């Protein structure tokens, strides 16, 4: 997306989903712009997917999710520049609606999303530092190590404070009061009370001390309770007392309440879930690994992976590692490998571009949504092969007892986080197996595809500079109808991309027969092997695309007979191809043949004739260079 105008992308997204008035709230995650629409029927999904930089549209958890990829923060920032949907003054969603699972997933994601990248970066920092000490590059007793360790570990040590901020925003509580409560949980004297045999009480009430360093659930529940307490206090306290007394009473009540009840109860509950997970991984690691490795990307598709994040973080804070993470790198790398095979196999330039950037993102950063939505899932087989590779690789990693001891995005860069726990060699073998299975199966069996319509436009435009427009300025060429039939305005053709004029001005013809002829004299610069589309450059500088039928690329040449090839010189009325219209109709495709001048913006005039019956070769459009 390096060449994408993010502001324009944001403007087009906003326009195509019904405008700012139709958006109740806007957030984003690692790869998706998440919008909550007031009326989803006003959103044009197909139009949104055609916007430069947009990969696809998903609807889940009550959200309208626009998958953008790694540059989604830039689109989100641009959205804030053109609307009031982001930032401190943005309208806040009253909460996720739907079943309890959707509500829980949306709640967890809204709390963790703002800190996710920093948390992952800190985890990668810690993993790299651990690798450096393992290989004796840095001594753990040196002051250099102490400084680097503080930089890497601080976020995890004080994680309750960070989550207090995001939870307070989610529950509409005072953020600074929430931070003070979170800070109390990791205050040095409170930490010191968590020693074996220590007798702790609060006004005679016994307190079961827990470690709240790196903890997750206690502060989230605590801030949720704080929000109700604050609303109640703000209703009963007088104005002159409210501003300082509400935070005072919130801290006075919530810190002891968390230490006495919320902390021990939620910690023990989390440990119970963790124990169940660990039991499965220890008793049937092959099964746990296969399920986790095989289904991880399915969880990601539906956002269900957010439900596992608190369990992983609880494991890291209580036992120093999480077995849930062991099978995930093979699952992620398998999808990236499947996309890499598509890079080498596909004939579609658009697909190759998405797969190239997306596979690199998957291997290096562990972010696979761009390739899943833009490549593997649409082609189906690569996604299935990725699941198969992930299941086998995850099983191998789990059998080796692999687990990560830092919170990292599962990727090649994150592998050092898996060196300390379990058999690291088995983790590497699992990753290699996953990559090999997904890549080989995809390369051998995935559809090679045909170059799509969008590929024609760059090919035609690239040759624009070859024409000498200055010498031919003012010259005119009249385009003939490529087939006998009924001439229709371009805006009325049943394809939104052509009808919008985005590819250039032109016209359409509902054909009466299957003989397609050249609309002008010129050179064939594009001839699709499927026979459904041709690009012709006239001597006057017009670059003309003749496209036979809507989505007929899917027929893969069945019913089409090409009569010319790339590089041929053609004359107006010369047969380009023949098409069996009965086969087109039987396959369920619209036979409308479209003619567009792809370099319209560089020409003085493109004027189509009025709608009506035409014969093949009849004048249908005047082009002035």
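In the numbering used here, the protein residues as written are 14 to 638.
Glycine included, each C-beta is placed from N, C-alpha and C at the ideal position.
Note that the structure is a prediction, hence the values are computed from the model and not measured.
Asked, Found
"Please list, in chain order, all residues of the same chain as residue 318 whose beta carbon is under 6 Å from its beta carbon, the five residues on each side excluded.", "312"
"When you compare the CB positions of residue 280 and residue 230, do they come within less than 9 Å of one another, or not?", "yes"
"What whole-angstrom Cβ distance do residue 616 and residue 637 have, given they're in contact under 8 Å?", "7 Å"
"Considering only residues of the stretch 19-93, which uninterrupted beta strand (DSSP E) runs meet the minimum length of 3 residues and lie entirely inside it, listed in chain order?", "36-41, 45-50, 69-73, 76-80"
"Is residue 557 helix, strand or coil when you go by DSSP?", "strand"
"For residue 471, collect the residues of the same chain with a Cβ closer than 8 Å to its Cβ; drop the 5 residues on either side in sequence, then sort them by chain order.", "A caution first: residue 471 carries a pLDDT of 39, below 50, which makes its placement in the model unreliable, though a value can still be read off. Excluding residues within five positions, the ones whose Cβ falls inside 8 Å are 362."
"Between which two residues does the alpha helix (DSSP H) containing residue 329 stretch?", "322-331"
"Tell me, which residues are paired with residue 634 by DSSP?", "492, 621"
"Report buried or exposed for residue 286, applying the criterion of at least 16 other Cβ atoms within 10 angstroms of its Cβ.", "exposed"
"Can you grab the Cα-Cα spacing for the pair residue 149 / residue 93, in whole Å?", "47 Å"
"Could you check the C-alpha separation between residue 398 and residue 365 for me, to the nearest Å?", "18 Å"
"Just verifying my parser: in three-state terms, what is the DSSP assignment at residue 552?", "coil"
"Would you kindly report the start and end of the unbroken beta strand (DSSP E) that includes residue 544?", "No beta strand (DSSP E) holds residue 544; DSSP gives it neither H nor E."
"What residues are listed by DSSP as bridge partners for residue 524?", "498"
"Starting from residue 575, trace the beta strand (DSSP E) in both directions and tell me its first and last residue.", "573-575"
"With C-beta atoms as the reference, is residue 496 less than 9 Å away from residue 555?", "no"
"Quick check: the Cα distance between residue 226 and residue 323, rounded to an integer number of angstroms?", "14 Å"
"Go ahead and pull the three-state DSSP assignment for residue 626.", "strand"
"Can you have a look at residue 309 and say buried or exposed, based on whether 16 or more other CB atoms are within 10 angstroms of its CB?", "buried"
"Looking at residue 128: is its Cβ nearer than 9 Å to the Cβ of residue 179?", "yes"
"Mapping DSSP to helix, strand and coil, what is residue 519?", "strand"
"Near residue 44, which residues of its chain fall below 7 Å by C-beta distance, leaving aside the five closest residues on each side in sequence?", "80, 81, 82, 83, 85, 380, 382, 383"
"Give the secondary structure of residue 219 by DSSP, where H, G and I count as helix, E and B as strand, and everything else as coil.", "strand"
"Report all residues from its chain with a CB closer than 8 Å to the CB of residue 598; omit the five preceding and five following residues, and keep chain order.", "604"
"With a CB to CB cut of under 7 Å and the five nearest residues on each side skipped, what residues in its chain are close to residue 255?", "247"
"Quick check for students: name the residue ranges of the alpha helix (DSSP H) that lie wholly in the stretch 408-469, counting only runs of 4 or more.", "437-458"
"Pick out whichever of 31, 91, 233, 199 has its Cα sitting closest to the Cα of residue 122.", "233"
"Would you call the stretch 194-201 in contact with the stretch 170-185, where contact means no fewer than 3 C-beta pairs closer than 8 Å?", "yes"
"Could you check which residue in 314, 40, 452 has the C-alpha nearest to that of residue 353?", "452"
"Should residue 300 and residue 408 be called a contact, given that it needs their Cβ atoms to be closer than 9 Å?", "yes"
"Measure the alpha-carbon distance for residue 21 versus residue 385 and round it to whole angstroms.", "25 Å"
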